[in-house]
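Offset between the sequence shown (1-based) and our numbering: plus 557. All C-beta atoms, glycine included, are put in the ideal place defined by N, C-alpha and C. Notes for the one structure printed next.
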Amino acid sequence: MEKYAILGYPLKHTMSPPIHKRLFELEGKTAEYEICELPPEELTVKADYLNSLGGYNITIPFKVDIIKYLDELDESAKRYNSVNCVVNRDGKNIGFNTDCYGFLRSLEAEGMSLSGKVLQIGCGGVGRMMAIEAALHGADLTIVSLPEFIKGAEEAAAEAKKLAPNAKIKVITHEQISGEFDLLVNASPVGMFPKTEECPVAEDVVKSCKNVFEVIYNPDVTMLMKIAEKNGIKAVGGMAMLVWQAVVAHEIWSGAKYRDEDIAELISDMRKELKK
Numbered sequence: 558m559e560k561y562a563i564l565g566y567p568l569k570h571t572m573s574p575p576i577h578k579r580l581f582e583l584e585g586k587t588a589e590y591e592i593c594e595l596p597p598e599e600l601t602v603k604a605d606y607l608n609s610l611g612g613y614n615i616t617i618p619f620k621v622d623i624i625k626y627l628d629e630l631d632e633s634a635k636r637y638n639s640v641n642c643v644v645n646r647d648g649k650n651i652g653f654n655t656d657c658y659g660f661l662r663s664l665e666a667e668g669m670s671l672s673g674k675v676l677q678i679g680c681g682g683v684g685r686m687m688a689i690e691a692a693l694h695g696a697d698l699t700i701v702s703l704p705e706f707i708k709g710a711e712e713a714a715a716e717a718k719k720l721a722p723n724a725k726i727k728v729i730t731h732e733q734i735s736g737e738f739d740l741l742v743n744a745s746p747v748g749m750f751p752k753t754e755e756c757p758v759a760e761d762v763v764k765s766c767k768n769v770f771e772v773i774y775n776p777d778v779t780m781l782m783k784i785a786e787k788n789g790i791k792a793v794g795g796m797a798m799l800v801w802q803a804v805v806a807h808e809i810w811s812g813a814k815y816r817d818e819d820i821a822e823l824i825s826d827m828r829k830e831l832k833k
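The following block contains the structure:
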């Protein structure tokens, strides 16, 4: 039986096992998917074992450290110097970054586009990736940052401009937000469990946006999403991105194909699972 795993620390609340179990079932494949919760200093000891598997996922704090144990990197992993999916292909272990594909596929599934005016809140780890993808896909991008994080946001914007020289990108603070936007992306942790009553922007800002994409998946409906939906604005939560990046991992591992309606049902079921 083929074996797969998730590597990370800690992994107490990981949603990966039930997501991947369902994807294997939909694929008609029997496989094991184990949790490899590993203190950072033990990665060297476990790397050979992980690389003997059919493939594995990687989460914090190993997304960069795992690179030195791999044979090759896909363009996605090179772009972000970050790996969250590895496949053993013809004896070579190849690293990918499926976060970016999960972001793009979840937007696509909801009929949302990065080609218009995009307002992005926050620009940390995942936010850097989102900003670069937005720039690469033709967005007129406004990144909103807290004053203490402006330098990091400006560095991410400069990095995005290198990859997409014609991209329109500006970095502002919250009080400078003005105008209307096609898409609001929350790439900040504001509203995440347990501080679920918080919202990253004022309601007036939400009302100025046609669509909302929320990176947070716990809770499954954040305050930002509640405000959007109350105002008739389409909102998608972070569980979609989590599931879609797992879908891409299976496509990489075995060339699996899935129906959109099965993935939509899986996202819905995982949102329910989270509430248990």
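As a quick exercise: from the options, pick the residue whose alpha carbon is nearest that of residue i.
i, options, result
"V769", "P776, W801 and I784", "I784"
"L703", "S663, A691 and E711", "E711"
"V675", "L664, G682 and G681", "L664"
"A803", "E559, M558, A724 and L583", "L583"
"K718", "L781, R579, M669 and D697", "D697"
"R636", "D739, R685, G695 and C593", "R685"
"S609", "C766, P567 and K649", "K649"
"P596", "F619, D739 and V778", "F619"
"L661", "V742, M749 and P751", "V742"
"M558", "L568, L580 and K586", "K586"
"I615", "A588, P567, E589 and D647", "P567"
"M669", "A813, A821, I824 and K791", "K791"
"K832", "M796, E818 and I809", "M796"
"Y774", "V701, E830 and E786", "E830"
"G682", "L823, G709, L627 and T779", "G709"
"Q733", "T699, L627, C593 and S745", "T699"
"K767", "T779, K787, L799 and K814", "K787"
"G812", "G611, G565, L564 and C593", "G611"
Strictly by DSSP, which residues pair up with residue i?
i, result
"A588", "E559"
"L741", "L676 and V769"
"F653", "C642"
"C593", "L564"
"K727", "T699"
"V793", "F770"
Let me confirm a value: residue i is counted as buried when at least 16 other C-beta atoms fall within 10 Å, else exposed. Which label applies?
i, result
"A715", "exposed"
"I689", "buried"
"G617", "A small correction: the amino acid at residue 617 is Ile; Gly does not occupy that position in the sequence shown. Its Cβ having fewer than 16 others within 10 Å, I617 is exposed."
"S735", "exposed"
"A713", "buried"
"Y613", "buried"
"V763", "buried"
"H570", "exposed"
"M782", "buried"
"S633", "buried"
"P722", "exposed"
"A759", "exposed"
"E737", "exposed"
"R816", "exposed"
"Y606", "exposed"
"S672", "exposed"
"L720", "exposed"
"D777", "buried"
"V701", "buried"
"G789", "exposed"
"V621", "exposed"
"G679", "buried"
"E771", "buried"
With DSSP run on the structure shown, which of helix, strand or coil describes residue i?
i, result
"Y613", "strand"
"C642", "strand"
"A813", "coil"
"L671", "coil"
"L630", "strand"
"I707", "helix"
"E755", "coil"
"P574", "helix"
"I851", "Absent from the model: residue 851. The displayed extent of the chain is 558 to 833, so no value can be given."
"T779", "coil"
"A713", "helix"
"S735", "coil"
"A721", "coil"
"M686", "helix"
"F750", "coil"
Is any beta-carbon of chain C found at less than 7 Å from that of residue i?
i, result
"S765", "Among the protein chains of the structure shown there is no chain C, as only one such chain exists."
Item to check | At least three beta-carbon pairs within less than 8 Å, the stretch 596 to 610 to the stretch 573 to 587 | outcome: In the pairwise beta carbon analysis, the stretch 596 to 610 is classified as not touching the stretch 573 to 587: fewer than three pairs are separated by under 8 Å.
Checklist entry - Are there three or more Cβ pairs, one per stretch, closer than 8 Å when the stretch 654 to 661 is compared with the stretch 636 to 645? => result Yes, the stretch 654 to 661 touches the stretch 636 to 645.
Checklist entry - Three or more C-beta pairs closer than 8 Å, one from the stretch 726 to 733 and one from the stretch 744 to 752: is that the case here? => result Because the criterion of three Cβ pairs below 8 Å is not met, the stretch 726 to 733 and the stretch 744 to 752 do not touch.
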